[in-house]
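Asks: Order-wise, the sequence lines are chains A and B.
Residues in the first sequence are numbered consecutively from 35, following our numbering.
Residues in the second sequence are numbered consecutively from 18, following our numbering.
By construction, the Cβ of each residue, glycine as well, lies at the ideal position given by its N, Cα and C atoms.
Here it is, the structure, as structure tokens.
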Amino acid sequence: MQGTYEYLVAQLINGISLGSVYGLIAIGYTMVYGVVGMINFAHGEIFMIGSFLSLIGFLVLGMLGITWVPLAVMIVLLATMLLTPVYGWTIERVAYRPLRSAPRLAPLITAIGMSIFLQNYVQVLQGATGKPMQPVIRGGFEILRRGSYNVSISVMQIFIVVLTTFLMIGFTLLISRTSLGRAQRACEQDMGMAALLGVNVDLTISLTFVMGSALASVAGLMFLLNYGLIDFYIGFLAGIKAFTAAVLGGIGSLPGAMLGGILIGLIEALWSGYFSVEYKDVAAFAVLILVLTLRPTGLLGRPHLEKV
Amino acid sequence: MAKEAGLTAFVVALLSFGLVGFDLANVNTNLVLKTRFADVAIVVAIAFVGRIVLILSRERRFSTALLILIPATVVIAIPVLGRFVVGGQTKATLAGVLPFHDPIVCWIVLILCLFFGVRAVRGLLRDASTTTDEDRELRADRVGARVQQAGRYVGPAMLLLAICFPFFNLVPGLGKLADRRILDISILVITYIMLGWGLNIVVGLAGLLDLGYVAFYGVGAYSYGLLAQATGLGFWTCLPFAGVMAATAGLLLGFPVLRLRGDYLAIVTLGFGEMVRVVLTNWTKFTNGPAGLGNIPRPTFFGLPVVQPTEGGGANFFSFFGLDYVPIARIIFLYYVILTLAMMTNLFTLRIRKLPIGRAWEALREDEVACASLGINPRNTKLTAFAIGAMFAGFAGSFFATRQGFITPESFTFIESAVILAIVVLGGMGSQIGVVVAAIVLIGLPELFRELHQYRMLAFGAAMILIMVWRPRGMLAHREPTLRLHPQKQ
Numbered sequence: 035m036q037g038t039y040e041y042l043v044a045q046l047i048n049g050i051s052l053g054s055v056y057g058l059i060a061i062g063y064t065m066v067y068g069v070v071g072m073i074n075f076a077h078g079e080i081f082m083i084g085s086f087l088s089l090i091g092f093l094v095l096g097m098l099g100i101t102w103v104p105l106a107v108m109i110v111l112l113a114t115m116l117l118t119p120v121y122g123w124t125i126e127r128v129a130y131r132p133l134r135s136a137p138r139l140a141p142l143i144t145a146i147g148m149s150i151f152l153q154n155y156v157q158v159l160q161g162a163t164g165k166p167m168q169p170v171i172r173g174g175f176e177i178l179r180r181g182s183y184n185v186s187i188s189v190m191q192i193f194i195v196v197l198t199t200f201l202m203i204g205f206t207l208l209i210s211r212t213s214l215g216r217a218q219r220a221c222e223q224d225m226g227m228a229a230l231l232g233v234n235v236d237l238t239i240s241l242t243f244v245m246g247s248a249l250a251s252v253a254g255l256m257f258l259l260n261y262g263l264i265d266f267y268i269g270f271l272a273g274i275k276a277f278t279a280a281v282l283g284g285i286g287s288l289p290g291a292m293l294g295g296i297l298i299g300l301i302e303a304l305w306s307g308y309f310s311v312e313y314k315d316v317a318a319f320a321v322l323i324l325v326l327t328l329r330p331t332g333l334l335g336r337p338h339l340e341k342v
Numbered sequence: 018m019a020k021e022a023g024l025t026a027f028v029v030a031l032l033s034f035g036l037v038g039f040d041l042a043n044v045n046t047n048l049v050l051k052t053r054f055a056d057v058a059i060v061v062a063i064a065f066v067g068r069i070v071l072i073l074s075r076e077r078r079f080s081t082a083l084l085i086l087i088p089a090t091v092v093i094a095i096p097v098l099g100r101f102v103v104g105g106q107t108k109a110t111l112a113g114v115l116p117f118h119d120p121i122v123c124w125i126v127l128i129l130c131l132f133f134g135v136r137a138v139r140g141l142l143r144d145a146s147t148t149t150d151e152d153r154e155l156r157a158d159r160v161g162a163r164v165q166q167a168g169r170y171v172g173p174a175m176l177l178l179a180i181c182f183p184f185f186n187l188v189p190g191l192g193k194l195a196d197r198r199i200l201d202i203s204i205l206v207i208t209y210i211m212l213g214w215g216l217n218i219v220v221g222l223a224g225l226l227d228l229g230y231v232a233f234y235g236v237g238a239y240s241y242g243l244l245a246q247a248t249g250l251g252f253w254t255c256l257p258f259a260g261v262m263a264a265t266a267g268l269l270l271g272f273p274v275l276r277l278r279g280d281y282l283a284i285v286t287l288g289f290g291e292m293v294r295v296v297l298t299n300w301t302k303f304t305n306g307p308a309g310l311g312n313i314p315r316p317t318f319f320g321l322p323v324v325q326p327t328e329g330g331g332a333n334f335f336s337f338f339g340l341d342y343v344p345i346a347r348i349i350f351l352y353y354v355i356l357t358l359a360m361m362t363n364l365f366t367l368r369i370r371k372l373p374i375g376r377a378w379e380a381l382r383e384d385e386v387a388c389a390s391l392g393i394n395p396r397n398t399k400l401t402a403f404a405i406g407a408m409f410a411g412f413a414g415s416f417f418a419t420r421q422g423f424i425t426p427e428s429f430t431f432i433e434s435a436v437i438l439a440i441v442v443l444g445g446m447g448s449q450i451g452v453v454v455a456a457i458v459l460i461g462l463p464e465l466f467r468e469l470h471q472y473r474m475l476a477f478g479a480a481m482i483l484i485m486v487w488r489p490r491g492m493l494a495h496r497e498p499t500l501r502l503h504p505q506k507q
């Protein structure tokens, strides 16, 4: 069965839907890195909080009696995209803004502190046990069949890929067409100069965090819907995988983040499918080290010239 | 002011609405949603009042701030403290008045009230002083400089205290100061101090950001554990081997990351740390997987085991020196072992800073391109930094293994790397005494306050953020150039 073409297709489908989740988180990392030049270590926790808020949202809707799936998913999507970014905004305001002119390691330490804080905040408030959820989006289509083995795409996976594509298009337009996107690109190039020319740097940076958090919260919702079990610790691994994806694609580059996310998703799915599930994380990091050794700026990153 | 406070309250309301307002309780295999809106209201109220107090202190209107703080403190203090005074029915009523069910949260709020109260009173008393942020920065820098100058005396004094410390246990009356629990905490703190000093070589001196330092700690622990089990050799024989293994792991990591810098380096080292942990967990045949290694031999005193003497048990520390057996002696012995190892690390770092390789590290940290053009080989310099830093982590790892007698891969998670890096950065990069202070603050204090239970790590994360925002360059940061072109007058 492992040698068949159908098996490969099934793994590719899994990989792409997993990779979409990583890609959405990775955009938050890469955008923040592009503008502020720091690793927002707490971004994985934003993803985790997004999935917790989504779960709470589904239960609240269940209590209110709204059970029509498309409506419920729509409402939860909007609610989590509104509430989770408040966390992103607060993190920037509390932990990063006071340190903007500090040595480079200082915001990294507050980011790690913030990550520990948020993990335990959720653990204290919601308990340490995993939170299960019944599948909300059911059904799927069979696309290939060989003997008793059939390959199918679930509605869930289609939903993930379509939503990701939709968000990516919207987002690219936002960055390339609106004044906010222009301000952001200006801050990326030279913060001081942008401020001199009337760009509100603080606001732009805050909005960068807000947008990244909104995308991460969508990823959290997808994770919840796809796996149906979350706990306070999911943010850590998803976070470093997504950061790996951002670095792999070339940090600072938005298409790179998406590409890196899909690649990491594919590597994981194929490695688990053909070799061993246990070592899938090792495979992802090994590929990262390999790529960085051969091309230190990532796949789509611009080369950075070192000057004395 | 009301607008600003209102905005804060609004943000806090949005933050707490979801996660504080609803409680996902696991009941059997289902989730049950409970609401806690009262808590949300209290949190928002506290945020509103707290913000007003903060604004008032910022505008130096301390008397108005006190006007709010004193009643608030009294309102919270009566139910919190009152429970110790009264009993029976009144106690139950008081518990009902508490803003939160958990008394620890009330304590934290009370302590915050007192902290700002004391600050306001101090501000009132020194009304004329108008210290700006810059003044404070300068003053703190001077403290760092003074500590560094005083290091000549403070260092040995601290060492002397550390050496004498366990003997408090034997002095009647002082026994409480160094009982079993405190000694255990001290051993833990010194282990982290040693790890901090080791990482300081990589991060502080060579300027290479390493987020996977715990990997070498793990390699050291497993090297000792596996070698001791396979060959039956003791701690001291295996120690150099564990160091060599960890240093090799450092070289292995060093090679592929030579061209990387900054954050790319950070993520690769982080990935390396995770890879080591995953391998330790899954290579069941070799490492016994998640179940871990047990029965790791204890260290001996020049071949004499420090255990309770038994009939026909052979030579023993106590029988050899004709001493009476005291159970605490084993802990005190471990304490001295780690103290020796840590001081070795310290001495090594202090000395190597003055050697060409140490100078090369510091030069590399400042500017790699300039370094290469002056004939320093960046590759070898970086690799030695990785290897030597890793070696000390390996030593610390084997100590950890011998102290616990039992190791699992779960002891070597990313959070450990983060804690060690935090110790180095919070202490002030490159400052040896800073590492000691930061380790005591970050490791010792939370261990002492075990009563905080689940809030311990919460407080830990908050402390990391607050200290860093308070002193962005570390608590005792003061970087004096080793050479000056135009010597300044003191």
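Under 8 Å by Cβ, that's how I've got residue 58(A) and residue 258(A) pegged, so tell me the actual separation to the nearest angstrom.
Replies: With 8 Å as the limit, residue 58(A) and residue 258(A) do not qualify as a contact, their Cβ atoms being about 13 Å apart.
Asks: Would you decide whether residue 342(A) is buried or exposed? Buried here means 16 or more other CB atoms lie within 10 Å of its CB.
Replies: Reliability fails at residue 342(A), whose pLDDT of 48 lies under 50, so the model's placement of it is uncertain and no value is given.
Asks: If the cut-off is 9 Å on Cβ atoms, which residues from the segment 320 to 334 of chain A count as contacting chain B, listed in chain order?
Replies: Within the segment 320 to 334 of chain A, the residues whose Cβ lies closer than 9 Å to some Cβ of chain B are 320, 322, 323, 324, 326, 327, 330, 331, 332, listed in chain order.
Asks: Under the three-state reduction of DSSP, which class applies to residue 30(B): helix, strand or coil?
Replies: In the structure shown, residue 30(B) sits in a helix (DSSP, three-state: H, G or I).
Asks: Could you name the residues of the segment 111 to 136 of chain A whose beta carbon sits closer than 9 Å to any beta carbon of chain B, in the order they occur along the chain?
Replies: Answer in chain order: 113, 114, 116, 117, 118, 120, 121, 123, 124, 127, 128, 129, 132, 133, 135, 136.
Asks: In chain order, what residues of the same chain lie with their CB nearer than 7 Å to the CB of residue 490(B), ignoring the 5 residues before and after it?
Replies: 445.
Asks: Taking 7 Å as the CB-CB limit, is residue 261(A) close to chain B?
Replies: For residue 261(A), the answer is no, since every Cβ of chain B falls outside 7 Å of its Cβ.
Asks: If you check the beta carbons only, do residue 440(B) and residue 459(B) fall under 7 Å apart?
Replies: Yes, these two residues count as a Cβ contact at 7 Å.
Asks: In the DSSP assignment, what are the bridge partners of residue 353(B)?
Replies: BP columns for residue 353(B) are empty, so no partner.
Asks: Quick one: which residues of the segment 197 to 211 of chain A get their C-beta closer than 9 Å to a C-beta of chain B? List them in chain order.
Replies: Cβ contacts with chain B: none found.
Asks: Output yes if chain A places a C-beta closer than 7 Å to the C-beta of residue 56(B); else output no.
Replies: No, because no Cβ of chain A sits closer than 7 Å to the Cβ of residue 56(B).
Asks: Are the Cβ atoms of residue 484(B) and residue 351(B) separated by less than 7 Å?
Replies: No, these two residues do not count as a Cβ contact at 7 Å.
Asks: Tell whether a beta-carbon distance below 7 Å holds between residue 472(B) and residue 121(B).
Replies: Yes, they are a contact pair.
Asks: Hey, does residue 449(B) have any beta-carbon neighbour from chain A nearer than 7 Å?
Replies: No, residue 449(B) lies away from the interface with chain A (no Cβ there is under 7 Å from its Cβ).
Asks: Step through the CB atoms of chain B and report whether any lies within less than 7 Å of the CB of residue 140(A).
Replies: Closer than 7 Å to some Cβ of chain B, the Cβ of residue 140(A) qualifies, so yes.
Asks: For a contact defined as C-beta to C-beta under 7 Å, what are the partners of residue 154(A) on chain B?
Replies: Per Cβ cutoff of 7 Å: 474, 475, 478.
Asks: For residue 42(B), write down the residues that DSSP places opposite it in a beta bridge.
Replies: Residue 42(B) is bridged to 49(B).
Asks: Give me the Cα-Cα distance between residue 397(B) and residue 148(A), rounded to the nearest whole angstrom.
Replies: Each residue's alpha carbon lies about 36 Å from the other.
Asks: Decide yes or no for the touch test of the segment 298 to 312 of chain A against the segment 244 to 261 of chain B: beta carbon pairs closer than 8 Å, at least 3 of them.
Replies: Not touching, per the Cβ criterion.
Asks: Given that a residue counts as buried once 16 or more other Cβ atoms are within 10 Å of its Cβ, and exposed if not, what is residue 64(A)?
Replies: By the neighbour-count rule (16 or more Cβ atoms within 10 Å), residue 64(A) is buried.
Asks: Counting only beta-carbon atoms, is residue 100(A) nearer than 7 Å to chain B?
Replies: No, its Cβ sits nowhere closer than 7 Å to a Cβ of chain B.
Asks: From the DSSP output, in three-state form, read off residue 35(B) for me.
Replies: Of the three classes helix, strand and coil, the one that applies to residue 35(B) here is helix, per DSSP.
Asks: Rounded to the nearest angstrom, what separates residue 240(A) and residue 167(B) at their Cα positions?
Replies: Computed Cα separation, rounded: 43 Å.
Asks: In chain order, what residues of the same chain lie with their CB nearer than 6 Å to the CB of residue 321(A), ignoring the 5 residues before and after it?
Replies: Here the set comprises 301.
Asks: Is it a yes or a no for the segment 401 to 418 of chain B touching the segment 230 to 238 of chain B, going by three-plus beta-carbon pairs under 8 Å?
Replies: Touching, yes.
Asks: Checking contacts by CB at 7 Å: is residue 236(A) closer than that to chain B?
Replies: False, the Cβ-Cβ gap to chain B never drops below 7 Å.
Asks: For residue 30(B), collect the residues of the same chain with a Cβ closer than 6 Å to its Cβ; drop the 5 residues on either side in sequence, then sort them by chain order.
Replies: 61.
Asks: Can you confirm whether the segment 223 to 230 of chain A touches the segment 46 to 61 of chain A when touching is taken to mean that 3 or more C-beta pairs between the two stretches lie within less than 8 Å?
Replies: The segment 46 to 61 of chain A, when compared against the segment 223 to 230 of chain A, does not touch it at the 8 Å Cβ threshold.
Asks: Kindly indicate the opening and closing residues of the beta strand (DSSP E) around residue 175(A).
Replies: Where residue 175(A) is concerned, the enclosing beta strand (DSSP E) stretches over 174 to 180.
Asks: Along chain B, which residues have their Cβ under 8 Å away from the Cβ of residue 193(A)?
Replies: In chain order: nothing, as chain B lies at least about 22 Å away.
Asks: Only counting the same chain, and skipping five residues up and downstream in sequence, which positions put a Cβ closer than 8 Å to that of residue 134(B)?
Replies: Excluding residues within five positions, the ones whose Cβ falls inside 8 Å are 83, 86, 87, 90.
Asks: Any C-beta of chain A within less than 8 Å: which residues of the segment 434 to 460 of chain B qualify?
Replies: From the segment 434 to 460 of chain B, only 435, 438, 439, 442, 443, 446 have a Cβ closer than 8 Å to chain A.
Asks: Using a beta-carbon distance cut-off of less than 9 Å, what residues from the segment 35 to 51 of chain B approach chain A?
Replies: The segment 35 to 51 of chain B vs chain A, Cβ under 9 Å: 35, 36, 37, 38, 39, 40, 41, 42, 43, 46, 47, 48, 49, 50.
Asks: Determine, for residue 160(A), whether the minimum Cβ-Cβ distance to residues of chain B falls below 7 Å.
Replies: So, interface residue.
Asks: Could you give the distance in angstroms between the alpha-carbon of residue 124(B) and the alpha-carbon of residue 218(A)?
Replies: Their Cα atoms are separated by approximately 43 Å.
Asks: So is residue 308(B) buried or exposed if we call it buried at 16+ other beta carbons inside 10 Å?
Replies: Flag for residue 308(B) reads exposed.
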